[in-house]
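Heads up: the structure comes next, in structure tokens.
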Amino acid sequence: PPELIAEHGLERFTDERPIRLYRPRADAPGGGYRGRSAITELLVMNEELRSLLMRHADASTLEEAARRGGLRTLHEEGLRQAVAGVTSLEEVLRVTRGDGT
């Protein structure tokens, strides 16, 4: 539904239009999912982050620096996978609690 796409900002994850979201079939074996997939978050330590950590920078400053270095949160990576059809938006929100983490 367009309101879910807008609410979660899914347009930023693909140029494909219209955006199609997977929905599991309740009557399918395994709850509509096949196999397992992982969403991951990887923080690569760089000089900027190292310097900020040594100076005991606050969390928001560290997060901004990490994002400049390419960090994607679990929530964002899950949204990317939902747009790619790997999983459903509902499952991403369930496992990441939809809180942006």
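Sequential numbering of the sequence shown, starting at 1240, is according to this note's numbering.
Glycine included, C-beta positions come from ideal geometry on N, C-alpha and C.
Q: Can you say whether HIS1295 is buried or exposed, counting buried as having 16 or more other CB atoms within 10 angstroms of its CB?
A: Its Cβ having fewer than 16 others within 10 Å, HIS1295 is exposed.
Q. Would ILE1291 pass as a contact of LEU1301 if the rule is Cβ separation under 8 Å?
A. What sits at residue 1291 in the sequence shown is Leu, not Ile. Taking 8 Å as the cut-off, the Cβ atoms of LEU1291 and LEU1301 count as close.
Q. What does DSSP give as the partner residues of LEU1299 in its beta bridges?
A. Reading off the sequence shown, one finds Ser at residue 1299, where the question assumed Leu. BP columns for SER1299 are empty, so no partner.
Q: Could you tell me if LEU1282 is buried or exposed, where buried requires 16 or more neighbouring beta carbons within 10 angstroms of its beta carbon?
A: exposed
Q. Residue ranges of each alpha helix (DSSP H) run of no fewer than 4 residues wholly in the stretch 1241-1265, ordered along the chain?
A. 1241-1246
Q: Could you round the C-beta distance between SER1327 and LEU1243 to whole angstroms and report it? I think they count as a contact, below 8 Å.
A: So it is not a contact: roughly 11 Å between Cβ atoms.
Q.
Is it buried or exposed, THR1253, if we count other Cβ atoms within 10 angstroms and call 16 or more buried?
A. In the assembly as shown, THR1253 is an exposed residue. Its beta-carbon has fewer than 16 other beta-carbons within 10 Å.
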